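Input: a single structure, listed below in structure tokens.
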Amino acid sequence: MTKIDIDEVTFISETSLTIRESRRRTTVPKQIVDALNLKDGDRIRWILFHDNRILITKVQGSKK
Numbered sequence: 001m002t003k004i005d006i007d008e009v010t011f012i013s014e015t016s017l018t019i020r021e022s023r024r025r026t027t028v029p030k031q032i033v034d035a036l037n038l039k040d041g042d043r044i045r046w047i048l049f050h051d052n053r054i055l056i057t058k059v060q061g062s063k064k
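Residue 51 in our numbering is what sits at position 51 of the sequence shown, and the numbering runs on without skipping anything.
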């Protein structure tokens, strides 16, 4: 498990994944949407590391 410096953490949450045939959906928590100023059509980037950690970031300038 990855060690987390809790002093560096602003928010922790868990969400569910919904899988319907080829579609996969998850909900982005409101606190994350607000903190990153996400808007409809914005893109987010998912990065999976070899140790199964995931980094999710807003893609800058990604508005459709």
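C-beta atoms are modelled at their ideal positions from N, C-alpha and C, and glycine is treated no differently. Treat the numbers as computed from the prediction; the structure is a model and nothing was measured.
Assigned secondary structure, residue i (DSSP; H/G/I helix, E/B strand, else coil)
| i | result |
| --- | --- |
| Lys39 | coil |
| Ile32 | helix |
| Ile4 | coil |
| Arg20 | strand |
| Thr26 | strand |
Test item: CB-CB of residue i and residue j under 8 Å
| i | j | result |
| --- | --- | --- |
| Phe11 | Gln31 | yes |
| Thr15 | Thr2 | no |
Close Cβ partners of residue i (< 6 Å) along its chain, the five nearest in sequence each way excluded
| i | result |
| --- | --- |
| Ile47 | Leu55 |
| Arg25 | Thr18 |
| Arg45 | Thr57, Val59 |
For residue i, the residue or residues it bridges with in DSSP
| i | result |
| --- | --- |
| Ile44 | Lys58 |
| Arg53 | None; Arg53 has no bridge partner. |
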